[in-house]
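Structure first, commentary second.
Residue numbers (the UniProt record's numbering): 1 to 41.
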């Protein structure tokens, strides 16, 4: 089973919870918002 996760930058508060849970998948960008490391994957 594949799960597709997407970060909505307008709703992200920069708490880095996504980075803590899945650092191989998420990182914080220059605006301190979560983003996927490989967004096309």
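Cβ atoms here follow ideal geometry from the backbone N, Cα and C, with glycine treated the same way. These numbers were taken from a predicted model, which means no experiment stands behind them.
Check, Outcome
"Residue 28 versus residue 13 - alpha carbon distance", "11 Å"
"Per DSSP, cross-strand counterpart(s) of residue 26", "36"
"Nearest neighbour of residue 19, chosen from 34, 2 and 3 [CA to CA]", "34"
"Secondary structure of residue 18, DSSP reduced to three states", "helix"
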